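Okay, so the sequence shown: first residue is 15 according to the numbering used here, each after it adds one.
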Amino acid sequence: MRLVLPALVVLALAATRAEAAACCLSASVVGVGRLTVWEDAAGGLSTSYSHGTGRWDAWSQYRPLGAGLREDELRLEAWGLVRLHEAWQVSARVPWVVGVRAAGDASSVGTGVGDVSAAVRWEAVSLGAFEHVPGLALSLGLTTPTGRRPELATDALGASATGRGAWTVSAGLAAEYAWAPWFVRLDVGALYNAPFVRADTGVVQAFGPGGQAALSGGRELLSERLVLAASLRFEHEFPLSLRGAMTARSDSSSLAVSVSGAFKVTSHWTVTAAVSSDAPGHLGLAQNREERLGFMLGVRRGFF
């Protein structure tokens, strides 16, 4: 009995530590991210590059980019997370976008600030607070029209367009469950785009409301150091409107897959990386969207 009790205590502590590591590393390996239980704030930088390979039209027909065509984008992003209270967090993201376009002998490069965004997150149920109960969090976000809309591009190929240029309000729900060394997460959200006046025609335009859902799962491979995750994400936006009237077949959909990883270099520093693709859209669920292959590399600093 004297040997059994200490052994059970050691096993319980090991399971708790492993679950906590998987939960906390998942904070930076999936989606927007969140603070770990011991962090007061976090910040970081990320660099992403996406290469356009084709586009699905209004009838979901895929058109590959022809010879001599290029639609690439480099995005540099600074972000920060701050804890206001045990259950409340706020975040902000500031992107700098570099667009590269080419068509035959013509080419263009454009740069500028993208659409800056901010969000607030409320953890209704903290991850691990109750046995067999997933963590639940609600979020409310705002995207500002700081980016340059396509009709405001300063070059003929549109490389200088850096955002949608519309106010957007979003709401989301995240549910995450962890059992060492695995975790799974479901994100669902909805968004509303405010109308704006087009600079080229003076017509009032509004992107349609949208929704998105993402299912992610991951596993810790090196104790308290490395976590790998895979995600499948579906997005849909309803038809846009001009002068208050819906435009036929202007709704859009996409289905994307990504594989990501987070490596904890020190207790404060984490390196993140990801590869993403819109190729699952070939299953017939993509419409009025580009197909892109993306790569991301980032660094995260936690403060506690």
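For every residue, glycine included, the Cβ atom is placed at its ideal position computed from N, Cα and C.
Source: prediction; values computed, not measured.
- For the beta strand (DSSP E) assignment, the uninterrupted runs of no fewer than 3 residues enclosed by the region 55 to 122 are, from N- to C-terminal side, 55 to 70, 76 to 78, 83 to 99 and 102 to 117.
- Of the candidates Ser237, Val217 and Glu165, the residue whose Cα lies closest to the Cα of Trp196 is Ser237.
- Annotation for Ala170: Ala120 and Ser122 place their beta carbon closer than 8 Å to its own, counting only its chain and skipping 5 residues before and after.
- Secondary structure at Gly295: helix, using DSSP grouped into helix, strand and coil.
- Shown here, Val44 sits in coil according to DSSP, grouped into three states, outside any helix or strand.
- For Leu166, there is no enclosing beta strand (DSSP E), as DSSP marks it with neither H nor E.
- Secondary structure of Glu145 (DSSP, three-state): coil.
- For Gly179, the secondary structure class from DSSP, reduced to helix, strand or coil, is coil.
- Separation of Ser140 and Arg115 (C-alpha to C-alpha, rounded to the nearest whole angstrom) is 45 Å.
- Here Ala288 is buried, its C-beta having at least 16 other C-beta atoms within 10 Å.
- Going by beta carbons, Ala220 and Leu254 fall inside the 8 Å limit.
- With fewer than 16 neighbouring CB atoms inside 10 Å of its own CB, Thr168 falls in the exposed class.
- DSSP places Glu238 in no beta strand (DSSP E); its state is neither H nor E.
- Ala151 is classed as buried because its beta carbon has at least 16 other beta carbons within 10 Å across all chains shown.
- Counting other Cβ atoms within 10 Å of its Cβ, Leu297 stays below 16 and is therefore classed as exposed.
- Counting C-beta atoms within 10 angstroms of its own C-beta, Ser174 has 16 or more neighbours from the protein chains shown and is therefore classed as buried.
- Non-local beta-carbon contacts of Val134 in its own chain, meaning distances under 6 Å to residues more than five positions away in sequence, involve Val104 and Leu154 in chain order.
- Using a Cβ distance threshold of 8 Å, Val211 and Arg257 do not count as a contacting pair.
- Separation of Glu304 and Gly224 (C-alpha to C-alpha, rounded to the nearest whole angstrom) is 17 Å.
- In the three-state reduction of the DSSP assignment, Trp52 falls in the coil class.
- Looking at the DSSP output, Ala173 shares a beta bridge with no other residue.
- With distances taken between CA atoms, Ala72 lies nearest to Glu251 out of Ala208, Ala276 and Glu251.
- DSSP places Leu200 in the uninterrupted beta strand (DSSP E) bounded by Trp196 to Asn207.
- Looking only at Leu83, Arg233, Leu59 and Gly58, the smallest Cα-Cα distance to His65 is reached by Leu83.
- Assignment of Phe277 by DSSP, reduced to helix, strand and coil, places it in the strand class.
- Cβ neighbours of Phe248 within its own chain (closer than 6 Å, five residues either side excluded): Ala227 and Leu269.
- Assigned with DSSP and collapsed to three states, His250 falls in strand.
- Proximity to Ala81 across Glu100, Ala117 and Gln75 peaks at Ala117, based on C-alpha coordinates.
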